[in-house]
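**Q**
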Amino acid sequence: MDRESGILLPVFSLPSKYGIGCFSEEAYEFVDWLKKTGQSYWQILPLGPTGYGDSPYQSFSTFAGNPYFISLDRLIQEGALKKDECEAADLGERQDRIDYEKIYKARFPLLKKAYERSDISKDPEFIRFREENSWWLEDYALYMAVKERFGQKPWTEWEEDIRFRKDGAMDRCRKELHSGLEFQEYLQYQFQKQWMELKAYANSRGIRIIGDIPIYVAMDSADVWAEPRLFQLDEDNRPTAVAGCPPDGFSPDGQLWGNPLYNWEYHRKTGYQWWIKRLAWCYKLYDVVRIDHFRGFDEYYSIPAGAETAAGGHWEKGPGLPFFQAVTQALGHKEIIAEDLGYMTDSVRQLVKATGYPGMKVLEFAFDSRDSGYANDYLPHNYPENCVVYTGTHDNETISGWFQSIRPRERAMAREYLCDMTTPDEDLYRSFISLAMRSQARICIIPVQDHLGLSNECRINTPSAVGDNWKWRLVPGQLSEEVSDQVAEMTKRYGRWRG
Numbered sequence: 001m002d003r004e005s006g007i008l009l010p011v012f013s014l015p016s017k018y019g020i021g022c023f024s025e026e027a028y029e030f031v032d033w034l035k036k037t038g039q040s041y042w043q044i045l046p047l048g049p050t051g052y053g054d055s056p057y058q059s060f061s062t063f064a065g066n067p068y069f070i071s072l073d074r075l076i077q078e079g080a081l082k083k084d085e086c087e088a089a090d091l092g093e094r095q096d097r098i099d100y101e102k103i104y105k106a107r108f109p110l111l112k113k114a115y116e117r118s119d120i121s122k123d124p125e126f127i128r129f130r131e132e133n134s135w136w137l138e139d140y141a142l143y144m145a146v147k148e149r150f151g152q153k154p155w156t157e158w159e160e161d162i163r164f165r166k167d168g169a170m171d172r173c174r175k176e177l178h179s180g181l182e183f184q185e186y187l188q189y190q191f192q193k194q195w196m197e198l199k200a201y202a203n204s205r206g207i208r209i210i211g212d213i214p215i216y217v218a219m220d221s222a223d224v225w226a227e228p229r230l231f232q233l234d235e236d237n238r239p240t241a242v243a244g245c246p247p248d249g250f251s252p253d254g255q256l257w258g259n260p261l262y263n264w265e266y267h268r269k270t271g272y273q274w275w276i277k278r279l280a281w282c283y284k285l286y287d288v289v290r291i292d293h294f295r296g297f298d299e300y301y302s303i304p305a306g307a308e309t310a311a312g313g314h315w316e317k318g319p320g321l322p323f324f325q326a327v328t329q330a331l332g333h334k335e336i337i338a339e340d341l342g343y344m345t346d347s348v349r350q351l352v353k354a355t356g357y358p359g360m361k362v363l364e365f366a367f368d369s370r371d372s373g374y375a376n377d378y379l380p381h382n383y384p385e386n387c388v389v390y391t392g393t394h395d396n397e398t399i400s401g402w403f404q405s406i407r408p409r410e411r412a413m414a415r416e417y418l419c420d421m422t423t424p425d426e427d428l429y430r431s432f433i434s435l436a437m438r439s440q441a442r443i444c445i446i447p448v449q450d451h452l453g454l455s456n457e458c459r460i461n462t463p464s465a466v467g468d469n470w471k472w473r474l475v476p477g478q479l480s481e482e483v484s485d486q487v488a489e490m491t492k493r494y495g496r497w498r499g
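Here it is as structure tokens:
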């Protein structure tokens, strides 16, 4: 197998002129940088539209794209917006942080102007897009338009007739909200057009996209509103049980995610058709798919609806190997990365092995003094070839921040493993990247912050914390020639270069 490497960087973390990373010229420049440094992959986070909390793992749709990622520069080039309109919008003052409140208040009015000037209903390409994607787009556009009418309230708080999708209410809303529906369709058209052009450019440069698919969907989503029978809901379409994680050493009450759980028996009876459509859609958007919380397909943690913590939950059996066999039968062999982190049971390990998918190894997990010494699965000498190694993921500290935060005895363990007792702490991040890169893992993915040696102020997400996540951004010029040379040299040194 070829040894390869790549970079983890969310789209929203790209530099750009208008408040948030998007499919602008800077995205193409980042692809060129990946090519220049010999990388094979660009790993991103889910691309769906986000709501309160701004988490890409809590999206209004599993099929739709985030309108924030539409390049305003492209709309200026098309004549749908004026440059001075975009420059006058208050989209935040800092280049290195996203101000989501300002983005929400200023970016949608600009997109609405672009739509109103577009005369899009007569565009043959738009008409074709709408027809080809009607199987998900109609429900999503109606959901978003009705959501706006009800002041952005979740669909569970809408009036009963539209909440239960009664024919008369659906027809009335389609008629009354026609312009709002078409605006949402226009946003999805622009998103998909721009993303597919960026993906094609990346592929032409030898860069493959690793996408990320959350196992669960948000309760407040078009998916649950449109097809409630897919989920464990009662006769009033409210959850009977929700998702989360059990208590552990890091979280004494566990994690209460609140997502509705799947009605796996119904999915099995349909031959997993909804999931197959979902994954087929992912392979249109991405080249490789990382499935978040993979262990949920073996066993999933079920918490009674209304519980205040996750402590009272229990484990239920998931669909297991027959699910993945059905996917392979329908779609053929597809490249999947199994996010098999956290507490692993023998049955989860057996499922990962049976599928043949590479699992994940996170270097930051290797030096926990509470773990099993040199038998720790996350120490590089224990890696199988068929895995993907990371210094850390979007949920972890940066490697520099992590080294400063761990116990003194764990720092000593790490230095002994590295055989490096002299490198200053502030420079040790390079040694950890080197450790991951020279492992036998076939793929090595490094968050861009780690190549830059950045502190925890630059981490993407702190799980179970609200308020400061999903905001960090690169600033122009941060990927300097010195950084580029260091990344390229290390990539060549450990046989992962793809020129």
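Taking the UniProt record's numbering, the leading residue of the sequence shown gets 1, the next gets one more, and so forth. Quick reminder that beta carbons are idealized off the backbone N, C-alpha and C, glycines included. Source: prediction; values computed, not measured.
Starting from H314, trace the beta strand (DSSP E) both ways and give me its first and last residue.
**A** H314 -> beta strand (DSSP E) spans 314–317.
**Q** So, with DSSP's three-state summary, where would you put D425?
**A** D425: helix per DSSP, three-state reduction.
**Q** V388 by DSSP, collapsed to three states: which one?
**A** Of the three classes helix, strand and coil, the one that applies to V388 here is strand, per DSSP.
**Q** Short of 7 Å in beta carbon distance, which residues of its chain neighbour Y378, apart from the five on each side in sequence? Order them along the chain.
**A** K361, V362, L363, F365, A366.
**Q** Looking only at its own chain, which residues have a Cβ that is under 7 Å from the Cβ of Q440, when we skip the five neighbours before and after it?
**A** Cβ neighbours of Q440 beyond the five flanking positions: Y383, E385.
**Q** Tell me whether A103 sits in a helix, a strand or coil according to DSSP, three-state version.
**A** One detail in the question is off: residue 103 reads as Ile in this sequence, not Ala. In the structure shown, I103 sits in a helix (DSSP, three-state: H, G or I).
**Q** Per DSSP, what kind of secondary structure is T50 in: helix, strand or coil?
**A** Reduced to three states, the DSSP call for T50 is strand.
**Q** Please state the DSSP three-state secondary structure of N259.
**A** N259 falls in the strand class under three-state DSSP.
**Q** For W42, which residues does DSSP report across the bridge?
**A** Paired residues: I7, I209.
**Q** Rounding to the nearest angstrom, what Cα-Cα distance links F297 and A114 in this structure?
**A** Looking at the two C-alpha atoms, the distance is approximately 42 Å.
**Q** I'd like to check one pair, R208 with D287: are the Cβ atoms closer than 7 Å?
**A** It is a contact, given that the beta carbons lie within the stated cut-off.
**Q** Count the C-beta pairs between the stretch 121–134 and the stretch 148–163 that are closer than 8 Å, then say yes if the count reaches three, no if not.
**A** Because the criterion of three Cβ pairs below 8 Å is not met, the stretch 121–134 and the stretch 148–163 do not touch.
**Q** Starting from the Cα of Q325, find the closest Cα among G313, W257, I276, C282 and give me that residue.
**A** Ranking G313, W257, I276, C282 by Cα distance to Q325 puts I276 first.
**Q** Identify whether V362 lies in helix, strand or coil by the three-state DSSP scheme.
**A** Strand at V362.
**Q** Could you pull out every residue in the same chain whose Cβ sits closer than 8 Å to the Cβ of Y266, ignoring the five residues on either side in sequence?
**A** Within the same chain, Y266 has close Cβ partners R229, L230.
**Q** Count the other C-beta atoms from every protein chain shown that fall within 10 angstroms of the C-beta of V389, then say buried if there are 16 or more, exposed otherwise.
**A** Counting Cβ neighbours within 10 Å, V389 comes out buried, since at least 16 surround it.
**Q** According to the neighbour-count rule (16 or more other Cβ atoms, all chains shown, within 10 Å of its Cβ), is residue 510 buried or exposed?
**A** This structure does not reach residue 510, given that the chain is present from 1 up to 499, and the question cannot be answered.
**Q** Can the beta-carbon of P214 be found closer than 7 Å to that of D292?
**A** Yes, they are a contact pair.
**Q** Assuming K471 and R107 make a contact with CB atoms under 8 Å, what is their CB distance in whole Å?
**A** K471 to R107, Cβ: 15 Å. No contact.
**Q** Do K317 and E299 count as a contact pair if the criterion is CB distance below 7 Å?
**A** Yes, they are a contact pair.
**Q** What is the residue span of the alpha helix (DSSP H) that E227 lies within?
**A** E227 -> no alpha helix (DSSP H), and no H or E assigned at all.
**Q** For the candidate residues R290, A280, P304, M437, whose alpha-carbon lies nearest to that of L261?
**A** The residue with the shortest Cα to Cα distance from L261 is P304.
**Q** Please report the distance separating the alpha-carbon of E426 from that of F150.
**A** So the two alpha carbons sit approximately 51 Å from each other.
**Q** Please confirm if the stretch 4–18 is in contact with the stretch 170–180, defined as three or more CB-CB distances below 8 Å between the two stretches.
**A** At 8 Å Cβ cutoff, the stretches do not touch.
**Q** State the DSSP-derived secondary structure class of I70, mapped to helix, strand or coil.
**A** In this structure, I70 counts as coil in the three-state DSSP scheme.
**Q** Taking a contact to mean a Cβ-Cβ separation below 7 Å, would you say H394 touches N461 in this structure?
**A** Their beta carbons are under 7 Å apart, which means H394 touches N461 by this criterion.
**Q** Work out the CA separation of L321 and G332 for me, nearest whole Å.
**A** Looking at the two C-alpha atoms, the distance is approximately 15 Å.
**Q** Measuring CB to CB, does S61 end up less than 7 Å from A222?
**A** Yes, they are a contact pair.
**Q** Can you look up R97 in the DSSP assignment and give me helix, strand or coil?
**A** Strand at R97.
**Q** List the whole-angstrom C-beta distance separating W195 from L110, where the pair is believed to meet the contact cut-off of C-beta under 8 Å.
**A** In fact, because the Cβ distance is near 19 Å, the residues do not count as touching under 8 Å.
**Q** Grab the span of the beta strand (DSSP E) containing Y300 for me, first residue to last.
**A** Here the beta strand (DSSP E) through Y300 covers 299–304.
**Q** Between which two residues does the alpha helix (DSSP H) containing I399 stretch?
**A** Start and end: 399–405.
**Q** Starting from C282, follow the alpha helix (DSSP H) in both directions and report where the run begins and ends.
**A** First-last of the alpha helix (DSSP H) with C282: 273–285.
**Q** For the stretch 232–244 and the stretch 52–71, state whether three or more C-beta atom pairs, one from each stretch, are separated by less than 8 Å.
**A** Flag = no, the stretch 232–244 and the stretch 52–71 do not touch.
**Q** On the premise that S5 lies in contact with Q39, defined as a C-beta separation below 8 Å, what is that separation, rounded to the nearest angstrom?
**A** So it is a contact: roughly 6 Å between Cβ atoms.
**Q** With a threshold of 7 Å between beta-carbons, can V224 be considered close to chain C, or not?
**A** Checking the listed chains, one finds no chain C in this structure; it contains a single protein chain.
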